[in-house]
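Report on one structure; see the data block that follows.
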Amino acid sequence: MTFLYKADPARGAKWAARFAQLAPELPFRVWPDIGDPAEIRYLAAWTPDDLAETLPNLEVIFSVGAGVDQFDLTRVPPHLPVVRMIEPGIVEGMVEYVTEAVLAVHRDLFDYALQQQAQVWKALPVRAASGRRIGVLGLGMLGTAVLERLRLFSFACAGWSRSARQIEGVECYAGEASLDTFLARTDILVCLLPLTDATRGLLGRRVYAALPDGASLVHVGRGPQLNTSDLLDALTSGRLRNAVLDVTDPEPLPAGHPLWTQPRVRITPHIASATRPDGAVDAVLANLRRHRAGQPMHGQIDRTRGY
Ligand code: NDP
Ligand code: OXD
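Take a look at the structure:
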């Protein structure tokens, strides 16, 4: 019975050390050194490629990330549970990133960066946080944690999800029919949706048109949710004021892409948050204990929903 890891090898070495410490009885291998394929019961991967089809005794596949959209689920036999990563490091990193981005927009740091380039010393009016409306697309593990932190600054917080949610201090909207109402009350829109057929291209003309004039975007979901040419149009026309993009389509964003030189766009290379190896191994081992006890694992995805 072996655990196979197939993702970044440097992180793999850290997983191996934690496994050796906490589960020495479970042999741990890093792809491509897979040993006897029949021995592999558990796989953790960013992209499993053909492994789910070719390992005869595989019982569970773990994603090393919070999302599973990078998996080709048509190549994962239907009986295999697919489990995404739920561990505290991902949440902490995302809360830090989005809080900084929202505060940067709120406190006009894009404007001050432009003023600095032009050597202009000019104070802009300060708006109270309670008068700034934050809207988060996606009220899952990450969207909820981000809103819980943003509420502490007294921002007017709202969120949108597929099914109805209740979060203290957050105006919750659910379903397609409420999207325009949610957008119309949002000054800073944060995207924390998983990539599915329903969310691909969602951040496009229709969303930008429904936001108030001069709204800003913080995109930390997945690149293909963003319609880049609609975003460029919205920024050029002034409909959207600023965009903070941690994810783009394609990734990496190629040199010469027009987004690189937009004065009101800030780009980071998909680093908003990352799984931390120790937390990841702890989460995986806890799930293996649940799996062996016949209990549901935390983060098992629903393939019909795609997340
Ligand atoms: P969850 O699965 O916990 O939450 C997803 C949320 O999105 C849920 O509230 C869900 O609604 C909502 N949702 C899904 N589809 C729709 C839809 N069609 N319409 C409305 N709401 C929808 O995910 P996480 O919070 O853990 O992560 C979200 C995403 O963040 C990940 O999938 C990944 O793409 C991205 N991510 C980005 C990182 C980065 O570094 N940039 C790092 C980690 C994650 P409901 O509550 O009804 O199910
Ligand atoms: C993730 C990511 O899904 O890194 O964890 O984007």
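Under numbering that gives the first Met the number 0, the letters of the sequence shown match residues 0 to 306, in that order. A virtual CB, placed ideally from N, CA and C, is assigned to each residue, including glycine.
- Note that the stretch 92-102 touches the stretch 269-278; at least 3 beta-carbon pairs, one per stretch, sit closer than 8 Å.
- If you draw a straight line from the Cα of HIS297 to the Cα of ILE60, it is about 13 Å long.
- CA-to-CA, the gap between THR73 and PRO223 works out to about 19 Å.
- Here the alpha carbon of LEU192 sits roughly 16 Å from the alpha carbon of THR303.
- With a cut-off of 7 Å, the C-beta of ALA44 is classified as distant from the ligand OXD, since no heavy atom of the ligand falls inside that distance.
- Counting the other Cβ atoms within 10 Å of the Cβ of HIS78 gives fewer than 16, which makes it exposed.
- Here the distance from the Cβ of ILE266 to the nearest heavy atom of the ligand OXD is not below 7 Å.
- Contact holds between the stretch 50-57 and the stretch 34-41, because three or more Cβ pairs, one in each stretch, are under 8 Å apart.
- Sorting TRP14, LYS5, TYR4 and LEU3 by C-alpha distance to the C-alpha of ARG275 places TRP14 at the top.
- Relative to the ligand NDP, even the nearest heavy atom lies 7 Å or more away from the CB of HIS297.
- Set against 7 Å, the gap from the CB of TYR306 to the closest heavy atom of the ligand NDP is smaller.
- Residue side-chain check: MET84 places its Cβ nearer than 7 Å to a non-hydrogen atom of the ligand OXD.
- Apart from sequence neighbours up to five positions away, the residues of its chain that approach GLY66 with a beta-carbon distance below 8 Å are ARG83, PRO193, LEU194, ARG221 and TYR306, ordered along the chain.
- Shortest gap from the CB of SER160 to any heavy atom of the ligand NDP: under 7 Å.
- Between ALA112 and the set ARG265, LEU287, ARG291 and ILE300, the nearest pair of CA atoms involves ARG265.
- Annotation: the continuous alpha helix (DSSP H) that includes ASN286 extends over 276-291.
- Short note on GLY66: C-beta closer than 7 Å to some heavy atom of the ligand OXD.
- Secondary structure note for ARG28: its beta strand (DSSP E) is the uninterrupted segment 27-29.
- Across the structure, LEU21 and ARG28 are spaced so that their CA atoms are roughly 15 Å apart.
- Non-local C-beta neighbours of GLY11 in its own chain, meaning closer than 6 Å and more than five positions away in sequence, comprise TYR4 and VAL29, ordered along the chain.
- Contact check for LEU202 against LEU225 passes: the beta carbons are separated by less than 8 Å.
- Of LEU287, VAL101 and GLY88, the smallest CA-CA separation from CYS190 is found for VAL101.
- Taking 3 residues as the minimum length, the beta strand (DSSP E) runs contained wholly in the stretch 202-253 are 214-218 and 239-244, in order along the chain.
- Per the coordinates, the alpha-carbon of ARG263 lies some 47 Å from the alpha-carbon of ARG289.
- The Cβ atoms of ARG131 and PHE154 sit closer than 8 Å to each other.
- Within 10 angstroms of the beta-carbon of ARG240 lie 16 or more other beta-carbons, which makes it buried.
- Shown here, SER177 sits in a helix according to DSSP, grouped into three states.
- Where GLY134 is concerned, the enclosing beta strand (DSSP E) starts and stops at 132-136.
- Look at HIS218: its beta carbon is at least 7 Å from all of the heavy atoms in the ligand OXD.
- For LEU146, the enclosing alpha helix (DSSP H) has its first and last residue at 140-150.
- Distances between the C-beta of PRO80 and the heavy atoms of the ligand NDP are all 7 Å or more.
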